[in-house]
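Q:
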Amino acid sequence: MVFYMGFDQENIISIRDFSIDDVEYILKLAEKMEPIARSEKASNILAGKILGMLFYEPSTRTRLSFETSMKRLGGSTVGFAEAGVSSVTKGENLNDTVKIVSEYVDAIVIRHNMEGAARYVSDIVDVPVINAGDGAGQHPSQTLLDLYTMKRILGQIEDLNVSLIGDLKYGRTVHSLVYALAMFGVNMNFVSPPELRMPQGILHDLSKMGVSVKETTDIKDVINRSDVLYVTRIQKERFPDPEEYSRIKGAYTLDLKLLEGTETIVMHPLPRIDEISHDVDNSVYGKYFQQAFYGVPVRMAILQTMIKGF
Amino acid sequence: MVFYMGFDQENIISIRDFSIDDVEYILKLAEKMEPIARSEKASNILAGKILGMLFYEPSTRTRLSFETSMKRLGGSTVGFAEAGVSSVTKGENLNDTVKIVSEYVDAIVIRHNMEGAARYVSDIVDVPVINAGDGAGQHPSQTLLDLYTMKRILGQIEDLNVSLIGDLKYGRTVHSLVYALAMFGVNMNFVSPPELRMPQGILHDLSKMGVSVKETTDIKDVINRSDVLYVTRIQKERFPDPEEYSRIKGAYTLDLKLLEGTETIVMHPLPRIDEISHDVDNSVYGKYFQQAFYGVPVRMAILQTMIKGF
Amino acid sequence: MVFYMGFDQENIISIRDFSIDDVEYILKLAEKMEPIARSEKASNILAGKILGMLFYEPSTRTRLSFETSMKRLGGSTVGFAEAGVSSVTKGENLNDTVKIVSEYVDAIVIRHNMEGAARYVSDIVDVPVINAGDGAGQHPSQTLLDLYTMKRILGQIEDLNVSLIGDLKYGRTVHSLVYALAMFGVNMNFVSPPELRMPQGILHDLSKMGVSVKETTDIKDVINRSDVLYVTRIQKERFPDPEEYSRIKGAYTLDLKLLEGTETIVMHPLPRIDEISHDVDNSVYGKYFQQAFYGVPVRMAILQTMIKGF
Chain S
12 MVFYMGFDQE NIISIRDFSI DDVEYILKLA EKMEPIARSE KASNILAGKI
62 LGMLFYEPST RTRLSFETSM KRLGGSTVGF AEAGVSSVTK GENLNDTVKI
112 VSEYVDAIVI RHNMEGAARY VSDIVDVPVI NAGDGAGQHP SQTLLDLYTM
162 KRILGQIEDL NVSLIGDLKY GRTVHSLVYA LAMFGVNMNF VSPPELRMPQ
212 GILHDLSKMG VSVKETTDIK DVINRSDVLY VTRIQKERFP DPEEYSRIKG
262 AYTLDLKLLE GTETIVMHPL PRIDEISHDV DNSVYGKYFQ QAFYGVPVRM
312 AILQTMIKGF
Chain P
12 MVFYMGFDQE NIISIRDFSI DDVEYILKLA EKMEPIARSE KASNILAGKI
62 LGMLFYEPST RTRLSFETSM KRLGGSTVGF AEAGVSSVTK GENLNDTVKI
112 VSEYVDAIVI RHNMEGAARY VSDIVDVPVI NAGDGAGQHP SQTLLDLYTM
162 KRILGQIEDL NVSLIGDLKY GRTVHSLVYA LAMFGVNMNF VSPPELRMPQ
212 GILHDLSKMG VSVKETTDIK DVINRSDVLY VTRIQKERFP DPEEYSRIKG
262 AYTLDLKLLE GTETIVMHPL PRIDEISHDV DNSVYGKYFQ QAFYGVPVRM
312 AILQTMIKGF
Chain F
12 MVFYMGFDQE NIISIRDFSI DDVEYILKLA EKMEPIARSE KASNILAGKI
62 LGMLFYEPST RTRLSFETSM KRLGGSTVGF AEAGVSSVTK GENLNDTVKI
112 VSEYVDAIVI RHNMEGAARY VSDIVDVPVI NAGDGAGQHP SQTLLDLYTM
162 KRILGQIEDL NVSLIGDLKY GRTVHSLVYA LAMFGVNMNF VSPPELRMPQ
212 GILHDLSKMG VSVKETTDIK DVINRSDVLY VTRIQKERFP DPEEYSRIKG
262 AYTLDLKLLE GTETIVMHPL PRIDEISHDV DNSVYGKYFQ QAFYGVPVRM
312 AILQTMIKGF
């Protein structure tokens, strides 16, 4: 690869550790991985290599996506898909478990319920660590595949209009995503009920980064001037009053009727409950299953870079 | 392959979707797979390919058999061995889970407790779907391996005398098997307690297909004129009265003494409880572990056909 | 391999089935495996081969270590990481499950809670069986990796001074290890509270083998003349009185202060609770994570020998 010499991540812990060059390096490499991800081409680039999958919290999509990526590149995985309660609660056990597994494998992917777990692990082991979600913290491969989806479908990330919709207060995914979008100078709209607004701290950071942001409670305010509607789930548990929840939920649900006539695409990190109607799935608007697919070439790019270097 | 050009299954959902040519295509290909299944020959025909294993109900044998088949052919698997209750109960989740997984893999094997689940899935995804058991419904790879076992051990399927023994009322396996046997003009005996007779609808279908069928309650009526005794489990739950169950169970149990002097083989889809005595296991009659082995070349044939075409 | 022609283990059930030549054969082969275990070299020696992993009891370390070993050699694994209660309790099911799995795979690794389970299984199947722990019984690959660790770090096993510390009464690991060390003429010290002394039967056997053994209750008696401190966990459940447990535990805990000035190494089969202080982990004394790594080349040597012959 001659197009970029600067990638210097030893671990993938937070998207905020990435420079714009780091992001572009991964996205460019992901594009080269696509024929392998589509099963049009076989690869043995990671033959003999082992990826340790330590999923202290269950996650079908992220786990299967990383496993698929490793195996499409000729590598193998070992690990566990969910931890006994005992291992999760004792910090000491986490320490020894990851030290031992790091003696077996070439890289570790970890999902853990404790914020900061992935960075803690990266400090104590000698192999690269990839954060696949640490509680309320980071999930950087999700952010990278979100960016890749925009680039592949819309041709670029720069200067897009991206509207983030739903729970912007608690959503881990959107918090990571907005910092990454800000790096690319994306114009953002934040659409949420007043109770679930984007946290002030993040709004402040974005303002300092010189990013244009608009806040609203109504999808209709943004739908005609958005290139991307990035929808997230509103969780019932956030509302003390179930009736309040029902009323609000309806206002942040997308269906085909609402989308018709627009020129936007709909993305979602999945799983959804009912914030996107099923009639959107096979329409020209619904891109969330394609987005799920793009997780494979992006994670291939991450795995190759972490295990083989660049 | 020039011996047959007609296989047109895009999915493997029910043995009743198969023509006799389809069945013979798979059985012939399975024979070519045997040296690989026996580990005498390595294969890379499915290198780089990924099989999604979605087991919403646990199944050690079927799952390990499909995994072994995929891996012996150089391919890989991803998936889960048992689903959380939540995913099983919500139809919507099944939809999104299989759509997402279908973005990662080259084919899906699914076992689900709901009858019709596999066909439902095959309608919504773009990769081939193989039914590994859907509740009271179908389990076509079991039927194909049953047929293959008869062909390999007895040289042919046509004109055999096959006696099906045990629970013929509720047994999913035997319901699929009899339609397949009927295609080959097999003479069938149905041996069961009166409470667990073959359903009238199936008897009617077989009669229309011109198949010779005899019903009896006594194994001794058939044991000397059977080429195959296909034994199934009688479940205690079918009987309100435990004494009735105990009495009946004994009359449908095979042991070596009963078999001596006959020229039959004993098959069983497994797992058994005690309907076949252990003294039959290593006798010339007991073929159920060999039958389990034949599941591998048959599933290899299925996987190659579904993933690589024919 | 011309250096040794005598290995005649068809299965790996107990270290006590091994001659000293058998042990040395595995240790020499493990040394050749190290570059593959370190991911410096890829191997396809077990390509197309399948290892059945039947873990009736969960075990992260042993399971991941065997899986890594198989996959680094180009092979694959199938199996389960923990059994439903039903399969564990019924002897009949164990019989049928292992018979069926043996029809799919090239070798079986089994962990089971019943002492003798692995030998029972090896008697009924036609593929090699490797015992990965059977209740209070044997765990021979652990003993082999313990020996390998001593040989690799200290250059030899013969004539070492090895002190075994902690629960010597119930510890499965140390019971296997002392017989193996005795074969190599190792001088042994047994350091334990009086309640947890090495059983008389084993002391008697060692005496008959002409091995020098010293017993003490105090680590300080041995620490300056030990090449190896092999530490094991003292389980709370062994003591009716919790205060007694707390008092004793402290006397069998190693920390850096105690070790300073000595020329010993510290080994541990893991997992530890707090019998070794974390300040030992990265010191020159702590070798237990390196010991965990050595499990991979040793198990590779076992797998190659069992599956490919020697």
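These protein sequence lines map, in sequence, to chains S, P and F.
Numbering-wise (the numbering used here), the first sequence opens with residue 12 and increments by one.
Numbering-wise (the numbering used here), the second sequence opens with residue 12 and increments by one.
Numbering-wise (the numbering used here), the third sequence opens with residue 12 and increments by one.
Cβ atoms here follow ideal geometry from the backbone N, Cα and C, with glycine treated the same way.
Please name the residue, chosen from F:S113, F:L192 and F:T79, that lies closest to V116 (chain S) on a Cα-to-Cα basis.
A: Distance check between V116 (chain S) and each of F:S113, F:L192 and F:T79 places F:T79 closest, using alpha-carbon atoms only.
Q: Is the beta carbon of R2 (chain F) less than 8 angstroms from the beta carbon of I61 (chain S)?
A: Residue numbering for chain F in the displayed model covers 12 to 321; residue 2 (chain F) lies beyond these limits and cannot be assessed.
Q: List the residues that DSSP assigns as beta-bridge partners of A118 (chain F).
A: F:L62
Q: Do D266 (chain S) and S288 (chain S) have their C-beta atoms within less than 8 angstroms of each other?
A: yes
Q: With 16 other CB atoms within 10 Å as the buried threshold, where does N22 (chain S) fall?
A: buried
Q: Measure the alpha-carbon distance for D216 (chain F) versus V189 (chain F) and round it to whole angstroms.
A: 10 angstroms
Q: DSSP three-state call for V136 (chain F): helix, strand or coil?
A: coil
Q: Going along the chain, which residues of its own chain have a beta-carbon closer than 6 angstroms to the beta-carbon of G148 (chain P), five neighbours each way excluded?
A: E126
Q: At 4 residues or longer, and completely inside the stretch 140 to 190 of chain S: list those alpha helix (DSSP H) runs for me, N to C.
A: 151 to 165
Q: Report buried or exposed for G212 (chain P), applying the criterion of at least 16 other Cβ atoms within 10 angstroms of its Cβ.
A: exposed
Q: Going by other Cβ atoms of all chains shown within 10 Å of its Cβ, with 16 needed for buried, is A262 (chain P) buried or exposed?
A: The C-beta of A262 (chain P) has fewer than 16 other C-beta atoms within 10 Å across all chains shown, which makes the residue exposed.
Q: Tell me the residue span of the beta strand (DSSP E) that contains V89 (chain S).
A: S87 to F91
Q: So, does the stretch 140 to 154 of chain F touch the stretch 231 to 245 of chain F, judging by three or more C-beta pairs under 8 angstroms?
A: no
Q: Mark M220 (chain S) as exposed unless 16 or more other C-beta atoms lie within 10 angstroms of its C-beta, in which case mark it buried.
A: Exposed, by the Cβ-count rule.
Q: Could you name the residues of the same chain whose beta carbon sits closer than 6 angstroms to that of S203 (chain S), not counting the 5 residues immediately before and after it, in chain order?
A: L179
Q: Under 8 angstroms: do the stretch 40 to 50 of chain S and the stretch 309 to 317 of chain S share three or more Cβ pairs, one atom per stretch?
A: yes
Q: Once you ignore the five residues that flank V13 (chain F) on each side, which residues in its own chain have a CB closer than 7 angstroms to its CB?
A: Bear in mind that a pLDDT of 42 at V13 (chain F), under 50, signals an unreliable position, so the model cannot answer this.
Q: Do you know how far the Cα of A128 (chain S) is from the Cα of D229 (chain F)?
A: 39 angstroms
Q: Helix, strand or coil for K225 (chain F), going by three-state DSSP, please let me know.
A: Three-state DSSP puts K225 (chain F) in a strand.
Q: DSSP three-state label for G212 (chain P), please.
A: helix
Q: Quick one: any contact between the stretch 132 to 145 of chain P and the stretch 193 to 210 of chain P, if contact means 3 or more CB pairs under 8 angstroms?
A: As far as the Cβ criterion goes, the stretch 132 to 145 of chain P does not touch the stretch 193 to 210 of chain P, which means the pair count is below three.
Q: Rank S:G86, S:M278, S:G85 and S:T73 by C-alpha distance to the C-alpha of E93 (chain S) and give the top, closest one.
A: S:T73
Q: Strictly below 7 angstroms CB to CB, what residues from chain F border T71 (chain P)?
A: F91 and T108
Q: Spatial neighbours of G320 (chain F) within its chain, please: CB distance less than 6 angstroms, with the 5 preceding and 5 following residues excluded, ordered by chain position.
A: none
Q: Which first and last residues belong to the beta strand (DSSP E) in which Y241 (chain S) is found?
A: V239 to V242
Q: Name the residue from F:G297, F:L38 and F:F304 whose alpha carbon lies nearest to the alpha carbon of Q167 (chain F).
A: Of the listed residues, the one whose Cα sits closest to Q167 (chain F) is F:L38.
Q: State the beta-bridge partners of I276 (chain P) as determined by DSSP.
A: The partner list for I276 (chain P) (beta bridge, DSSP) reads P:V239.
Q: Return the CA-CA distance between H186 (chain S) and V197 (chain S), expressed in angstroms with no decimal places.
A: 15 angstroms
Q: Using the beta-carbon of each residue, which ones in chain S are nearer than 7 angstroms to E78 (chain F)?
A: The answer, in chain order, is V89.
Q: Mind listing the chain S neighbours of A303 (chain F)? Cutoff is C-beta to C-beta under 7 angstroms, in chain order.
A: I111 and E114
Q: Please state the DSSP three-state secondary structure of V233 (chain F).
A: Three-state result, V233 (chain F): coil.
Q: Check for me: the alpha helix (DSSP H) holding V202 (chain P) runs from which residue to which?
A: Premise fails: V202 (chain P) lies in the beta strand (DSSP E), N198 to V202, not in any alpha helix (DSSP H).
Q: Taking only the alpha-carbon atoms, compute the straight-line gap between F29 (chain S) and E169 (chain S) and give it to the nearest angstrom.
A: 17 angstroms
Q: In chain F, which residues lie less than 7 angstroms from R83 (chain P) when you measure between Cβ atoms?
A: G59 and I61
Q: Confirm, please, whether the CB-CB distance from V222 (chain P) to I176 (chain P) is below 8 angstroms.
A: no
Q: Between which two residues does the alpha helix (DSSP H) containing V309 (chain F) stretch?
A: Y299 to K319
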